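Asker: First residue of the sequence shown? That's 9 in the numbering used here, and the numbers climb one at a time after it.
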Amino acid sequence: MVDNRYTMRKEEDGTWSVVDIFANIPVTLKGIPMVRLHMQEADDLVDLFNAMDRKRRSEM
Numbered sequence: 009m010v011d012n013r014y015t016m017r018k019e020e021d022g023t024w025s026v027v028d029i030f031a032n033i034p035v036t037l038k039g040i041p042m043v044r045l046h047m048q049e050a051d052d053l054v055d056l057f058n059a060m061d062r063k064r065r066s067e068m
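Here is the structure:
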């Protein structure tokens with residue numbers, strides 16, 4: 009079983025995206041794709057999304 013659903017991906021332009029590892033596409037939040045981020049922003053969002061996903065799975 010995969011522990012983390014979300015990861016960071018460095019893009020060709022040097023920015024970062026938050027990616028769903030199962031779909032291999034950037035995550036969207038309220039319709040906004042999580043792309044063109046600074047590394048620290050992407051890292052913080054990955055931690056947040058993974059924590060929310062773990063919580064959701066533990067409640068199932």
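Here a beta-carbon is modelled for each residue, glycine too, at the ideal position from N, C-alpha and C. Since the structure is predicted, the reported quantities are computational estimates derived from the model, not experimental observations.
By the three-class DSSP mapping on this structure, what secondary structure does M68 have?
Answerer: Coil.
Asker: First and last residue of the beta strand (DSSP E) that includes M16?
Answerer: Counting along the chain, the beta strand (DSSP E) containing M16 begins and ends at 14-18.
Asker: Applying the 10 Å Cβ sphere with the 16-neighbour rule, what's the burial state of R64?
Answerer: Answer is exposed; the Cβ neighbour count stays below 16.
Asker: Return the residue from the list I33, M68, D21 that minimises the CA-CA distance to Y14.
Answerer: Checking every option, the nearest Cα to that of Y14 belongs to I33.
Asker: Could you compute how far the alpha carbon of L56 sits from the alpha carbon of I40?
Answerer: Using only the alpha carbons, I get a separation of about 16 Å.
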